[in-house]
Amino acid sequence: MERLNANLKTIGWLNSVRGISNGKIEKLLNYFEGNTTYLWDNFECEKKNLQLKEEIIIELSRTKDSFEENMLKKLNEHNAFAVTIFDETYPLLLKEIVLPPYILYCRGSIKNIDNLSIAVVGSRKATSYGKWAAEKFTSELSELGVNIVSGLAAGIDSVAHKTALKCGAKTIGVIGCGIDVVYPKINEQLYNEIAEKDGAVITEYFFGMQPMPNNFHDRNRIISGLSHGVLVIEAQERSGTLITAGHAADQGREIFAVPGNIDSIYSKGTNALIRDGAKITSSLDDIIEEIPLLKEKSAKKNSIDLTCLSSDEIKVIKSILSGNKTVYEIAGETGLETPLLLSILTFLEMKGKISKISGNKFTLNQ
């Protein structure tokens, strides 16, 4: 029979009961000195000493014996998995923040989630200017192999995720509800596409949790926590996006803001961020110069060794240089016949110049 490890079983069980917050889980773990096995085995003996409400104790006792079986069933039903802060696969950047989530429920893949990541966030009611800016910066960051993190909301978030997928980049969507709940419903296809194309949809909320307003404040700390920097495209004066920027500041992350029209309500928040010290961002270089890892990536991209390559191989390299591309896209840009192009791609892979990634696209090796 499939089993959950002790940490996942115990923390998942605590997390499944409404009224037990992430902070309360931390207090319980501290009470039991971090020993989840002891907590699980001795809950009934210790429950009156835990300073929990009576209804929470009753619910924990009621669900304990059947929890592992039910948890495994839900994970399998929704093609999901879960990691705790004690697992090696838990995102390293997230461990750095104040009160990191003790458990994450995931769909897709969290492989390479610790690679250089930038959050691209903004208004749900995005303007045409905001959508253009989100697509521009996301595509340019994606071409440098940067993970794109956002909140799977309507507007700027959706543009960022879709652009990253189009460019063959890894994108991570952090949601404020259960992993089995799609919000907003209009993003169901995007949600599935992210999970299917080597991206990840993650949440700290147990199955069935609906998107309550307070959840998004906590969700936003994870968006910034997973990122080396946060790029704010558009935001109203009292936007939830500004909460993400606030978390980023508290976490020591770089904050970038795209300036906007002073008459637009959707730029009042970003312009205020710039006034308060966020980096004014009008080009990719503004981001590159603040993040050393990104500067290194950019330098490598601009110093690709083209010696010992044929003219046709150089054509292909230059085509992929502007962004990850499919065979069809490369053929269209280079004018090379498909049989010849396939041979060139094979040789370039053998030479270690390129690699095939998700979406049947090719990317340059750094």
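The numbering of the sequence shown is UniProt numbering, which starts it at 1 and goes up by one. Think of the CB as a built atom: it goes at the ideal place given N, C-alpha and C, for glycine as much as any other residue.
Simplified DSSP state of residue i, which is helix, strand or coil
i: Thr281; result: coil
i: Asn220; result: helix
i: Gly173; result: strand
i: Ala82; result: strand
i: Asn89; result: Going by the sequence as given, residue 89 is Thr instead of Asn. The answer is coil: DSSP assigns Thr89 none of H, G, I, E or B.
i: Val327; result: helix
i: Ala126; result: coil
i: Lys197; result: coil
i: Phe67; result: helix
i: Leu340; result: helix
i: Gly260; result: coil
i: Val316; result: helix
i: Tyr191; result: helix
i: Ser310; result: coil
i: Ile157; result: Inspection of the sequence shows that residue 157 is occupied by Asp rather than by Ile. If DSSP states are grouped into helix, strand and coil, Asp157 belongs with the helices.
i: Gly240; result: coil
i: Gly208; result: coil
i: Ile186; result: helix
i: Asp286; result: helix
i: Lys111; result: coil
i: Ser139; result: helix
i: residue 399; result: Residue 399 lies beyond the stretch modelled for the chain, which goes from 1 to 366, so this question has no answer here.
i: Ala235; result: coil
i: Ser267; result: coil
i: Pro100; result: coil
i: Ile179; result: coil
i: residue 367; result: Nothing in the structure corresponds to residue 367, since the chain is present only between 1 and 366.
i: Gly359; result: coil
Beta carbon of residue i nearer than 8 Å to that of residue j
i: Ala80; j: Gly12; result: no
i: Ser319; j: Glu333; result: yes
i: Ile222; j: Glu204; result: yes
i: Thr89; j: Ile110; result: yes
i: Lys125; j: Glu68; result: no
i: residue 407; j: Ser117; result: Here the chain has residues from 1 to 366 only, and residue 407 is not among them.
i: Arg253; j: Val232; result: no
i: Tyr266; j: Ser123; result: yes
i: Leu152; j: Gly130; result: no
i: Thr244; j: Ser224; result: yes
i: Gly199; j: Gly108; result: yes
i: Ile56; j: Gly23; result: no
i: Ile194; j: Leu165; result: yes
i: Ile255; j: Ala278; result: yes
i: Val121; j: Thr138; result: no
i: Asn360; j: Gly352; result: no
i: Leu50; j: Tyr31; result: yes
i: Glu77; j: Val17; result: no
i: Glu2; j: Leu72; result: yes
i: Asn115; j: Asn147; result: yes
i: Val327; j: Leu342; result: yes
i: Ala133; j: Ala160; result: no
i: Glu26; j: Leu99; result: yes
i: Ile344; j: Val316; result: yes
i: Glu237; j: Lys197; result: no
i: Phe86; j: Asn35; result: no
i: Asn220; j: His247; result: yes
Bridge-paired residues (DSSP) for residue i
i: Ile255; result: Val230
i: Asn147; result: Ser117
i: Tyr105; result: Ala82, Thr203
i: Ile354; result: Leu364
Cβ of residue i within 8 Å of any chain D Cβ
i: Tyr205; result: You won't find chain D in this structure, because it holds only one protein chain.
Distance cut-off 7 Å: residue i Cβ against heavy atoms of the ligand GTP
i: Lys24; result: You won't find the ligand GTP in this model; it holds no ligand whatsoever.
- [ ] Decide yes or no for the touch test of the stretch 174-186 against the stretch 201-208: beta carbon pairs closer than 8 Å, at least 3 of them.
- [x] yes
Open item on the list: Quick test of the definition: if touching needs 3 or more C-beta pairs under 8 Å, does the stretch 125-145 touch the stretch 162-170?
Closed with: yes
TODO: Would you be able to state if there are at least three C-beta pairs under 8 Å between the stretch 247-264 and the stretch 276-294?
DONE: yes
TODO: Would you list, in sequence order, the uninterrupted alpha helix (DSSP H) runs of no fewer than 4 residues that lie entirely inside the stretch 2-69?
DONE: 6-15, 22-31, 36-46
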